[in-house]
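Visitor: Numbering (the working numbering), first residue to last: 706 to 1433. Positions of the beta carbon are idealized from the N, C-alpha and C atoms, including for glycine. None of these values were measured; they are calculated from a predicted model.
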Ligand code: ADP
Ligand code: ZN
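This is the structure in structure tokens:
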């Protein structure tokens, strides 16, 4: 084991509570630690963040993390703080006071990770601040934003290279979960990384089941899906704000509690809705694409696309929000043939060059939907990757039972002649309705109930007609007029109508069964629920998302292993030293009585290492707090500032100072203003302190007959200690 490996594993274990590195994590860490640049392309949920977080903790100085979204930053910083890591962010969302506090923290050199928005990066004062620090590394998150070939171009990202140069090119790591070969090239070019190591894992997310269905009765299709995901987190993406509002309202009326999310909502409402989803107050969120970037919620079990996404990158990123914890999740795309035209309409104001890029992206998306081969294989080759497996087993096309095709010539003829008789002016939905003899107002107005094909297909449900249409289209027997969404006949259609050719296909769309597996299947569900409730309670108290406290995986493992001491608890994945210190006791208060009541024995053994970690947990928190608080005071923050920062009473801050001083440190800013004792009284008190073997307040309190509070005596003792340390 190299030194780096040893130190990194130790941090992984003690700070983050994970047992081993995932693929590439250690290689990336080593590369960074050796001062080299890296480009990391790995799918969402593969653990990219640790690749720069651990090197940040291993080195002197501060790591800069550039991240495009405020919510993303806030989330990561929140999570890091839960792990006991000093991380902060600077962006436009901070109040003046918060900004000031943050700057002070940064200046105290205690901050290991500083998250920055690209706009903040460009401010002159930011450069001034950073220039005074030792920058250990620069991490560029969501690095695809640097490329105009990608789907989420952000011009500010183009200035990172310049900024990096001004800071003398610290080791740089660029990370993204979405990059076609073209975008990948653009990242290294624009960041001006001359020599870099590329770390690319497969984009495959085998835990996501991918399914595409024609939208027949969209709302019912959504409800059917929701039935399978009761009490679990679901995201439903819609194309427009109006669509979001309507669907969310309909769901609520139907008894599926949901909330909307889109850019048209009031900032506060939006923020609140997002938080309710993240905090598990509500399970279903209906959203436009405005939702999701920066959502690290690990336990989303289902993502539904109610409309077609505009490119494969966004689609893959959006479904990537499901199953980040590695457990199975289901992704359903409902597609209707009028979607592409709706999306194209949106591009109308774009510049010519941008328009071409956008059209190409959309075309790839439609190809994906129409593809009859493995979905996974399509996506992977889109991102420049080869997929070798014949059958992925987790997409609709792969699990479909392949039944032999039947002769559907007569059915096809019915459909095609109806297209012909309505003069190729209508969409598939309309054609199907005419075939089914619908009393739709529009059909009657146009006298289409007089056609010979009217009602010719009542024997087949609408769904089935649309399925036939899809096959006709795939086989290029009909085409779609993309401007108007109408169905056109091709030469092949004419041949079929003239009985010169047959049409072979399937009449019924196969039903796909999606069954989820979880990593740990054998666990006590009652204990799991109890722990989940406690987690929710704690999260609400602290106003943070439940998953930042523990992931489902962690409490599931507890519910399977029944740890009953802190030394056993720390062996559970996801429990590091900081979390043990914070929540260990609370967990045991639930687990132990439960296990006694149900006669359950622990299945984990403690060992020396885990016992040692428990000792460390007791020590760490107090020491670091004392140190940080005192440093902040030295840096110019007031006691009131520190109180607010740590959420403690004034008295506690003085305890921090005491611990700091007892370690032999010096407080450089005067404490005199807190003191009510006069000079003479002070001298008297100090004399008494000097005679003690262990510093005690009581004798001094008695010396003045209780005239001064313990608080006062404590301050007096701090000044005494400080003077001693100054002399030493
Ligand atoms: P990404 O940035 O690649 O989308 P994250 O860094 O957010 O992924 O990691 C996804 C989840 O996996 C996080 O909850 C993270 O804590 C967890 N994780 C990362 N590395 C490990 C590991 N080595 N062992 C266990 N869990 C890990
Ligand atoms: Zn497949």
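Would you decide whether residue 1415 is buried or exposed? Buried here means 16 or more other CB atoms lie within 10 Å of its CB.
Guide: By one-based count along the chain shown, residue 1415 stands at place 710. By the 10 Å Cβ count, residue 1415 comes out exposed.
Visitor: Closest by CA to residue 1212, which one among 826, 1166, 1195?
Guide: Indexing the chain shown from 1 puts residue 1212 at position 507. Checking every option, the nearest Cα to that of residue 1212 belongs to 1166.
Visitor: In three-state DSSP terms, what is residue 1421?
Guide: Stepping through the chain shown from its first residue, residue 1421 is reached at position 716. Correct three-state label for residue 1421: helix.
Visitor: Taking only heavy atoms of the ligand ZN into account, decide whether any of them is closer than 7 Å to the Cβ of residue 946.
Guide: In the chain shown, residue 946 corresponds to position 241, counting from 1. Residue 946: no, Cβ never under 7 Å from the ligand ZN.
Visitor: Determine the burial state of residue 1368: buried for a count of at least 16 other Cβ atoms within 10 Å of its Cβ, exposed for fewer.
Guide: As a first step, residue 1368 must be located in the chain shown, where it is residue number 663. Residue 1368 comes out exposed.
Visitor: Just to confirm, is the Cβ distance from residue 930 to residue 1024 under 8 Å?
Guide: Position 225 of the chain shown, counting from 1, holds the residue named residue 930. Position 319 of the chain shown, counting from 1, holds the residue named residue 1024. No; because the gap between Cβ atoms is not below 8 Å, this pair is not in contact.
Visitor: Taking the C-alpha atoms as reference points, what is the distance between residue 1075 and residue 1034?
Guide: In the chain shown, the residue the question calls residue 1075 occupies position 370. In the chain shown, the residue the question calls residue 1034 occupies position 329. The straight-line gap from Cα to Cα measures roughly 22 Å.
Visitor: If you pair each beta-carbon of the segment 738-749 with each one of the segment 901-908, do three or more pairs fall below 8 Å?
Guide: With a cut-off of 8 Å, the segment 901-908 and the segment 738-749 count as touching, because enough Cβ pairs lie within range.
Visitor: Under 5 Å, CB to any heavy atom of the ligand ZN. Which residues pass, going along the chain?
Guide: Answer in sequence order: 1079, 1081, 1097, 1100, 1103.
Visitor: Does at least one heavy atom of the ligand ADP sit under 7 Å from the Cβ of residue 883?
Guide: Numbered from 1 along the chain shown, position 178 holds the residue referred to as residue 883. Incorrect: residue 883 has no Cβ contact closer than 7 Å to the ligand ADP.
Visitor: Any idea what DSSP makes of residue 726, helix, strand or coil?
Guide: Indexing the chain shown from 1 puts residue 726 at position 21. Residue 726 falls in the coil class under three-state DSSP.
Visitor: Quick one: Cα of residue 928 to Cα of residue 1042, how far?
Guide: Looking up residue 928 in the chain shown gives position 223. Looking up residue 1042 in the chain shown gives position 337. Each residue's alpha carbon lies about 21 Å from the other.
Visitor: Among 754, 1304, 991, 738, which has the Cα closest to the Cα of residue 771?
Guide: Here residue 771 corresponds to residue number 66 of the chain shown, with the count starting at 1. Nearest option by C-alpha distance: 754.
Visitor: In whole angstroms, give me the CA-to-CA distance for residue 1099 and residue 767.
Guide: Counting from one through the chain shown, the residue named residue 1099 turns up at place 394. Counting from one through the chain shown, the residue named residue 767 turns up at place 62. Using only the alpha carbons, I get a separation of about 43 Å.
Visitor: Can you tell me where the beta strand (DSSP E) holding residue 882 begins and where it ends?
Guide: As a working mapping, residue 882 is identified with position 177 in the chain shown. Element bounds for residue 882: n/a, residue is neither H nor E.
Visitor: So, helix, strand or coil for residue 1098, using DSSP?
Guide: Locating residue 1098 in the chain shown gives position 393, counting from the first residue. Coil.
Visitor: Could you pull the DSSP bridge partners for residue 918 from this structure?
Guide: Working through the chain shown from its first residue, we reach residue 918 at position 213. The partner list for residue 918 (beta bridge, DSSP) reads 1039.
Visitor: So if DSSP puts residue 745 in a beta bridge, which residue, or which two residues, is it bridged to?
Guide: For this step, residue 745 is matched to residue 40 along the chain shown. Partner(s): 880, 904.
Visitor: Give the DSSP-derived three-state secondary structure of residue 1135 in the structure shown.
Guide: Residue mapping note: residue 1135 aligns to position 430 of the chain shown, counting from 1. If DSSP states are grouped into helix, strand and coil, residue 1135 belongs with the helices.
Visitor: How is the alpha helix (DSSP H) around residue 910 delimited, first residue to last?
Guide: Mapped onto the chain shown, residue 910 falls at position 205. Where residue 910 is concerned, there is no enclosing alpha helix (DSSP H), given that its DSSP letter is neither H nor E.
Visitor: So, under 8 Å CB-CB, residue 1005 and residue 1027 are touching, yes? Tell me the CB distance rounded to an integer number of Å.
Guide: Locating residue 1005 in the chain shown gives position 300, counting from the first residue. Locating residue 1027 in the chain shown gives position 322, counting from the first residue. Right, the Cβ-Cβ distance comes to about 5 Å (below 8 Å), so this counts as a contact.
Visitor: I believe residue 855 touches residue 1279 by the beta-carbon criterion, under 8 Å. Please report the beta-carbon distance rounded to the nearest angstrom.
Guide: Reading the chain shown from its first residue, position 150 is the one you call residue 855. Reading the chain shown from its first residue, position 574 is the one you call residue 1279. No, residue 855 and residue 1279 are not in contact; Cβ-Cβ is about 33 Å, not under 8 Å.
Visitor: Just to confirm, are residue 1284 and residue 1339 a CB contact at a threshold of 8 Å?
Guide: By one-based count along the chain shown, residue 1284 stands at place 579. By one-based count along the chain shown, residue 1339 stands at place 634. No, the Cβ-Cβ distance between residue 1284 and residue 1339 is not below 8 Å.
Visitor: If you measure between the beta carbons of residue 783 and residue 1253, is that distance less than 8 Å?
Guide: Translated into the one-based positions of the chain shown, residue 783 becomes position 78. Translated into the one-based positions of the chain shown, residue 1253 becomes position 548. Going by C-beta atoms, residue 783 is nearer than 8 Å to residue 1253.
Visitor: Can you tell me whether residue 1349 is helix, strand or coil according to DSSP?
Guide: The residue given as residue 1349 occupies position 644 in the chain shown. Reduced to three states, the DSSP call for residue 1349 is helix.
Visitor: Pick out whichever of 1256, 1248, 1260, 1226 has its Cα sitting closest to the Cα of residue 1235.
Guide: Start at 1 with the first residue of the chain shown, and residue 1235 comes out as number 530. Looking at the Cα atoms, 1260 is the closest of the given residues.
Visitor: Give me the Cα-Cα distance between residue 1171 and residue 1120, rounded to the nearest whole angstrom.
Guide: Residue mapping note: residue 1171 aligns to position 466 of the chain shown, counting from 1. Residue mapping note: residue 1120 aligns to position 415 of the chain shown, counting from 1. In a straight line, the C-alpha of residue 1171 is about 10 Å away from that of residue 1120.
Visitor: Quickly, what does DSSP pair residue 831 with across the bridge? List them, please.
Guide: Within the chain shown, numbered from 1, the residue matching residue 831 stands at position 126. Its beta-bridge partners do not exist; DSSP assigns none.
Visitor: As a quick exercise: from 800, 759, 799, 848, pick the residue whose alpha carbon is nearest that of residue 791.
Guide: Residue 791 sits at position 86 when you count from the first residue of the chain shown. Nearest C-alpha to residue 791: 759.
Visitor: Could you pull the DSSP bridge partners for residue 1244 from this structure?
Guide: As a working mapping, residue 1244 is identified with position 539 in the chain shown. Its beta-bridge partners do not exist; DSSP assigns none.
Visitor: When you compare each of 1112, 926, 1372 to residue 1036 by their alpha carbons, which one comes out closest?
Guide: As a working mapping, residue 1036 is identified with position 331 in the chain shown. Out of 1112, 926, 1372, 926 has the C-alpha closest to the C-alpha of residue 1036.
Visitor: Determine the burial state of residue 839: buried for a count of at least 16 other Cβ atoms within 10 Å of its Cβ, exposed for fewer.
Guide: Position 134 of the chain shown, counted from the start, is the residue given in the question as residue 839. By the 10 Å Cβ count, residue 839 comes out exposed.
Visitor: Thinking residue 1265 and residue 1227 are a contact (beta carbons under 8 Å), I'd like their distance in whole angstroms, please.
Guide: By one-based count along the chain shown, residue 1265 stands at place 560. By one-based count along the chain shown, residue 1227 stands at place 522. Confirmed, about 6 Å.
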